[in-house]
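J.: Submitted below is the structure of interest, expressed as structure tokens.
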Amino acid sequence: MDESALAKSFFNASFWDKAGLWALYLLGLFLPLWVLPITSNPLYTNKIALSYFLIIFSFLCWLIGRINSGSVVLPKNYLALALVLMPVVWAVSGVFSVSPHVSFFELSEDPSGFFAVIMFVLAAYIAYFYLNSSEKVFLWFSFFFTSAFLVFVFQFLRVFLGFNVFAGINFPSAVSNLFGSWTEFAVFFSLTGLLAVFLFETLSETRLRWIFLSLYALSFAVLASAGNNLVWRMSLVFLLITAAYLFSLKPRHINIFRAVFLAILLTLLFMQVPALSSAVVSYLGTGSIEVRPSWPSSWAVVQKTLEGNPVLGSGPATFVYDWMRFKPLAVNESVFWATRFSSGVSFAVSVLATTGVMGFFAFLFVIISFLYYAAASLIRSGQNKFNPVFIMVLMGVCVLLAYSFVGNMGFVLTLFLFLFLGMFMALVSEYGFSGEYKVALFQSSGSGFISALVIIFLIMVSFSGFYIFGQKYAGAYFFGKASALSASGDVPGARLALERAVSFDRRDYYLRLVTEINLGQMAELLNRGDLTSEDLRGSFQDVLSQSIQSAQNAVSLNPADSLNFMSLGRVYESVIPFKIAGASDFASASYIEAGVKNPTSPEPFLARARVALALNQLDEARNMLEESLKIKNSYTPAYFLLAQIEDAQGNTVNAIRQAEAAAVLGPNDLGALFQLGFLYYRSDRLNDSKIIFERAVSISPNYSNARYFLGLIYDRLGDKESASGQFEQILAFNPGNKEVQKILDNLRAGKKALTGITPPPEERREPPIKE
1 MDESALAKSF
11 FNASFWDKAG
21 LWALYLLGLF
31 LPLWVLPITS
41 NPLYTNKIAL
51 SYFLIIFSFL
61 CWLIGRINSG
71 SVVLPKNYLA
81 LALVLMPVVW
91 AVSGVFSVSP
101 HVSFFELSED
111 PSGFFAVIMF
121 VLAAYIAYFY
131 LNSSEKVFLW
141 FSFFFTSAFL
151 VFVFQFLRVF
161 LGFNVFAGIN
171 FPSAVSNLFG
181 SWTEFAVFFS
191 LTGLLAVFLF
201 ETLSETRLRW
211 IFLSLYALSF
221 AVLASAGNNL
231 VWRMSLVFLL
241 ITAAYLFSLK
251 PRHINIFRAV
261 FLAILLTLLF
271 MQVPALSSAV
281 VSYLGTGSIE
291 VRPSWPSSWA
301 VVQKTLEGNP
311 VLGSGPATFV
321 YDWMRFKPLA
331 VNESVFWATR
341 FSSGVSFAVS
351 VLATTGVMGF
361 FAFLFVIISF
371 LYYAAASLIR
381 SGQNKFNPVF
391 IMVLMGVCVL
401 LAYSFVGNMG
411 FVLTLFLFLF
421 LGMFMALVSE
431 YGFSGEYKVA
441 LFQSSGSGFI
451 SALVIIFLIM
461 VSFSGFYIFG
471 QKYAGAYFFG
481 KASALSASGD
491 VPGARLALER
501 AVSFDRRDYY
511 LRLVTEINLG
521 QMAELLNRGD
531 LTSEDLRGSF
541 QDVLSQSIQS
551 AQNAVSLNPA
561 DSLNFMSLGR
571 VYESVIPFKI
581 AGASDFASAS
591 YIEAGVKNPT
601 SPEPFLARAR
611 VALALNQLDE
621 ARNMLEESLK
631 IKNSYTPAYF
641 LLAQIEDAQG
651 NTVNAIRQAE
661 AAAVLGPNDL
671 GALFQLGFLY
681 YRSDRLNDSK
691 IIFERAVSIS
701 PNYSNARYFL
711 GLIYDRLGDK
721 ESASGQFEQI
731 LAFNPGNKEV
741 QKILDNLRAG
751 KKALTGITPP
761 PEERREPPIK
771 E
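In terms of full-length UniProt numbering, the sequence shown opens at residue 1 and continues consecutively.
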């Protein structure tokens, strides 16, 4: 790299341009590393806040710099136009979104949100303005590679030495990392490794070549520890492309012992010998299954969504609501039936569902424009050897674009994609493959005057951006504080922190937590014996009023989310025993609306069954439970309540006969097995119940509710050791469960399992373990 040219360019720049350029360098260095233990999500929320701050700061510096210089240079190519078109389409889609509250959320973790796309496009333009030479781009990548090295060091120290650099943040397993997603972590190092091996092959300076070879070795080590087939396949494809390009430069001097060829062989070795990859993963304890919707289920959701609004989709960042409305019912028979997937099988598929045909074609326009200039650049170059920095940027864009179609990229990788696009625009202009507009500001011409007005307006918008994002981040900070205080039992502190959070940013999930805390306080008031009847009534009514208000506010903010209606329904359901007029009707209405928003979930029908049971409407409750089982045949809570209804109506013997017949017809049907085992348990047929529950856990080892009753049976039959074993496994599946920990303490002390635990599980309205 020409270091003298870089130094001359830097020292000739104004103070503001230097500051803006360094903001971009710091973004490349700190974004992968940045985590803080002060929000409920220490990874994504803080990375997003940091990136937005640096992008807006860099943009503001560029605007002030243009006032000082008196001129503006803008890109003159289709890619620049395509980038501008994206946020325009996203804005229109957001206006007609099923949830504008979510689509326009400023700190959304979803990279397809409106503000995320705005900031991505702005980042691309900032990269174009500042990283406008090969030297500057290479320096930016130097910070990027340094960050990758530090990320590797952090993971190495934690996995091999158990040392956590970031105190205050819990990384519970070997696969926990600074990206959150283990797959995204692997993709990041796949990208790093590909770029590193390319630079090793193309640079001439020995010291740099060894640095990049070492970086590739570290990247390959991460890929080997991840063992992700998709990442292996994508790495192999781009290694082959890299090899083809390198060999094309010297077709008569092909050396099969080049680093890229050895990288291909190593990748093929790990792909073709799965036992080798499995051995590495097993040794390091880095086995991880990250679930995402399949291609068929994602496409089914996309089709149903586009039937409603083919042009604009459901709205940016609203795939989770599409999934809840249209997911295939077959998914409900898996352990991921209640997972709220915020994206489909890939980023591109999610864009099609959430922003419709217009959004998908806007994204496609960006890709086609990039490919056009990439192909034109390569063709027009003829036999001339390209600057390796240009090819590196081109390769980085291609890799991340490919991943966007076959997998989900998180916020960080998507931001890097747009930064690479900005660098590509700048280098294409530098090499003369596209033109530029040069506008003189503060001139008497109309264009100069309008441009000056636009810059002044954008400066005001930038300062407003600092204020708005600062408010949102403050809200996230206080929400994280409230969540921590609530978990520790400090209800007054949690309430105060939540009030601060809501004052900064009214999010529906902030208000849902307010409702949950209020419901807990209502239960606590009823258990207090130091209050007079009047004081109790007054305090209870105040908290109830606050609960209703917070739940209704959440519904008003985001009526697309069934969780808000479920929260409102729970408030009304909690006061049905007190004969409050209309409580049951309001609870049922809320649960019905939740079912409309989430028709593929059995939970609203279960909730309506609880309301019917509270009113002693047993037949209505039975009907609701049967409806829930049509949606999810193995829904344990429904079988749990059905058994209680049969017992209440004196039909236990007949219910057992029916359950036995169902178990014979479906010997692997977990729902039927649980119902039969639970009916045997309630009838004190412990040995029969033991056989059934043992069968259930042999089919599904993580079936915690079956293990719970099996453990109680072992305890009642005098087998304390086996009982303890069951509850230890339950605790492993459900860490932090206080009731299970209490049972284990009882068993270890030689007491009965349920000593001090009331009411017994068979008398409750819900199973003891929430699965």
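Even glycine gets a Cβ: it sits at the ideal position worked out from N, Cα and C.
Within the 8 Å Cβ cut-off, does L195 reach chain B?
T.: Within the model displayed, chain B is absent; a lone protein chain is all it includes.
J.: In the DSSP assignment, the beta strand (DSSP E) including V73 goes from what residue to what residue?
T.: Taking the sequence shown and counting its residues from 1, one reaches residue 73 at position 73. Its beta strand (DSSP E) spans residues 71–76.
J.: Tell me the rounded alpha-carbon separation between R500 and A174.
T.: Along the sequence shown, read from residue 1 onward, the residue named residue 500 stands at position 500. Along the sequence shown, read from residue 1 onward, the residue named residue 174 stands at position 174. So the two alpha carbons sit approximately 35 Å from each other.
J.: Are the beta-carbon atoms of A655 and F678 separated by less than 8 Å?
T.: Start at 1 with the first residue of the sequence shown, and residue 655 comes out as number 655. Start at 1 with the first residue of the sequence shown, and residue 678 comes out as number 678. Contact flag unset, no.
J.: Once you ignore the five residues that flank K8 on each side, which residues in its own chain have a CB closer than 7 Å to its CB?
T.: Walking along the sequence shown from the start, residue 8 turns up at place 8. Its pLDDT being 49, under 50, K8 is placed unreliably in this model, and the value from its coordinates should be taken loosely. Within the same chain, K8 has no close Cβ partners at all.
J.: Quick check: A300 and P274, are their CB atoms within less than 8 Å of each other?
T.: Locating residue 300 in the sequence shown gives position 300, counting from the first residue. Locating residue 274 in the sequence shown gives position 274, counting from the first residue. Not a contact, by the Cβ cut-off of 8 Å.
J.: From F11 to Y130, what distance separates their C-alpha atoms?
T.: As a first step, residue 11 is located in the sequence shown; it is residue number 11 there, counting from the start. As a first step, residue 130 is located in the sequence shown; it is residue number 130 there, counting from the start. Low per-residue confidence applies at F11: pLDDT is 48, beneath 50, and the placement is therefore not dependable, though the value from the model is reported in the following sentence. If I take the Cα positions, the gap works out to 14 Å.
J.: Locate the alpha helix (DSSP H) running through G736, then write down its first and last residues.
T.: One-based indexing of the sequence shown puts residue 736 at position 736. G736 -> no alpha helix (DSSP H), and no H or E assigned at all.
J.: For A560, does the three-state DSSP call read helix, strand or coil?
T.: What you label residue 560 is simply residue 560 of the sequence shown in a count that begins at 1. In the displayed model, A560 falls within coil according to three-state DSSP, outside both helix and strand.
J.: Measuring CB to CB, does V151 end up less than 8 Å from S451?
T.: Residue mapping note: residue 151 aligns to position 151 of the sequence shown, counting from 1. Residue mapping note: residue 451 aligns to position 451 of the sequence shown, counting from 1. No, these two residues do not count as a Cβ contact at 8 Å.
J.: Rounding to the nearest angstrom, what Cα-Cα distance links I289 and N229 in this structure?
T.: Numbered from its first residue, the sequence shown carries residue 289 at position 289. Numbered from its first residue, the sequence shown carries residue 229 at position 229. So the two alpha carbons sit approximately 12 Å from each other.
J.: Cβ of Q649 within 8 Å of Cβ of L618?
T.: Working through the sequence shown from its first residue, we reach residue 649 at position 649. Working through the sequence shown from its first residue, we reach residue 618 at position 618. Between Q649 and L618, the CB-CB gap stays under 8 Å.
J.: I need the DSSP call for F10, collapsed to helix, strand or coil.
T.: For the purposes of this step, residue 10 is identified with residue 10 of the sequence shown, where counting begins at 1. Low confidence applies here, because F10 scores a pLDDT of 48, under 50, leaving its location unreliable and the question unanswered by this model.
J.: Sort P667, A196, F449, A672 by Cα distance to P637 and report the nearest one.
T.: Translated into positions along the sequence shown, residue 637 becomes position 637. Selected option, being the one with the closest Cα: A672.
J.: For A440, which beta-bridge partners are listed by DSSP?
T.: The sequence position of residue 440 within the sequence shown is 440, counting from 1. Bridge partners of A440: S71.
J.: With I264 as the anchor, note down where its alpha helix (DSSP H) starts and where it stops.
T.: For the purposes of this step, residue 264 is taken as residue 264 along the sequence shown, with counting starting at 1. In the DSSP assignment, I264 falls within the alpha helix (DSSP H) that extends over 259–272.
J.: Starting from the C-beta of K47, find all residues in its chain whose C-beta is less than 7 Å away, skip the five residues before and the five after it, and write them out in chain order.
T.: Taking the first residue of the sequence shown as position 1, residue 47 is located at position 47. The beta carbon of K47 is closer than 7 Å to those of L31, W34, F411, V412 in its chain, skipping five residues each way along the sequence.
J.: Residues in the same chain with beta-carbon distance under 6 Å from S429, minus the five sequence neighbours each way, listed in chain order, please.
T.: Working through the sequence shown from its first residue, we reach residue 429 at position 429. Once the five neighbours on either side are set aside, the close Cβ partners of S429 are E436.
J.: Looking at the secondary structure, which residues open and close the alpha helix (DSSP H) in which T242 lies?
T.: As a first step, residue 242 must be located in the sequence shown, where it is residue number 242. T242: member of the alpha helix (DSSP H) spanning 229–249, first to last residue.
J.: Hey, how far is the Cα of I264 from the Cα of L239?
T.: Position 264 of the sequence shown, counted from the start, is the residue given in the question as residue 264. Position 239 of the sequence shown, counted from the start, is the residue given in the question as residue 239. If you draw a straight line from the Cα of I264 to the Cα of L239, it is about 6 Å long.
J.: Buried or exposed for I517, please, with buried defined as at least 16 other CB atoms from any protein chain shown within 10 angstroms of its CB.
T.: For the purposes of this step, residue 517 is taken as the residue at position 517 of the sequence shown. I517 should be labelled buried.
J.: If we ignore side chains and look at the alpha-carbon of each, how far apart do P577 and L191 end up?
T.: Position 577 of the sequence shown holds residue 577. Position 191 of the sequence shown holds residue 191. If you take the alpha carbons of P577 and L191, they lie about 59 Å apart.
J.: Determine the direct distance from the alpha carbon of Q741 to that of L704, and round the result to whole angstroms.
T.: Position 704 of the sequence shown, counted from the first residue, corresponds to residue 704. Position 741 of the sequence shown, counted from the first residue, corresponds to residue 741. Correcting the residue type first, residue 704 is Ser in the shown sequence and not Leu. If you take the alpha carbons of S704 and Q741, they lie about 14 Å apart.
J.: From W90, V89, L107, P172, pick the residue whose C-alpha is nearest to that of T45; which is it?
T.: By one-based count along the sequence shown, residue 45 stands at place 45. The shortest C-alpha separation from T45 is found at L107.
J.: Could you say which of L417, A523, Q729 lies nearest to P111 if we only look at CA atoms?
T.: Counting from one through the sequence shown, the residue named residue 111 turns up at place 111. Among L417, A523, Q729, the Cα nearest to that of P111 is on L417.
J.: What separation, rounded to the nearest whole angstrom, lies between the Cα atoms of residue 785 and P735?
T.: Any property of residue 785 remains undetermined from this structure, which presents the chain solely from 1 to 771.
J.: Relative to the alpha-carbon of G287, which residue among V222, A662, A244 has its alpha-carbon at the smallest distance?
T.: In the sequence shown, the residue the question calls residue 287 occupies position 287. When each option's Cα is compared against that of G287, the closest is V222.
J.: Quick test of the definition: if touching needs 3 or more C-beta pairs under 8 Å, does the segment 133–150 touch the segment 588–596?
T.: no
J.: Please report the straight-line C-alpha distance between G20 and A583, rounded to a whole angstrom.
T.: The sequence position of residue 20 within the sequence shown is 20, counting from 1. The sequence position of residue 583 within the sequence shown is 583, counting from 1. Taking the straight line joining both Cα atoms gives about 58 Å.
J.: Comparing C-alpha positions only, which one of L79, L194, E109 sits nearest to A124?
T.: Start at 1 with the first residue of the sequence shown, and residue 124 comes out as number 124. The shortest Cα separation from A124 among L79, L194, E109 belongs to L79.
J.: Assign I456 to one of two classes, buried (16 or more other C-beta atoms within 10 Å of its C-beta) or exposed (fewer than that).
T.: Here residue 456 refers to the residue found at position 456 when the sequence shown is read from its first residue. Under this definition I456 is an exposed residue.
J.: Would you say L641 and A659 are within 8 Å of each other, going by their C-beta atoms?
T.: Sequence index remark: in the sequence shown, residue 641 carries index 641 (1-based). Sequence index remark: in the sequence shown, residue 659 carries index 659 (1-based). No.
J.: Just verifying my parser: in three-state terms, what is the DSSP assignment at G756?
T.: Counting from one through the sequence shown, the residue named residue 756 turns up at place 756. Coil, per DSSP.
J.: Between the Cα of L400 and the Cα atoms of V389, T515, L421, V98, which residue gives the shortest distance?
T.: Looking up residue 400 in the sequence shown gives position 400. Cα-wise, what sits closest to L400 is L421.
J.: The ligand NAD heavy atoms versus the CB of L615: any closer than 7 Å?
T.: What this structure holds is no ligand at all, so the ligand NAD is not there to describe.
J.: Starting from E620, trace the alpha helix (DSSP H) in both directions and tell me its first and last residue.
T.: Here residue 620 refers to the residue found at position 620 when the sequence shown is read from its first residue. Element bounds for E620: 618–631.
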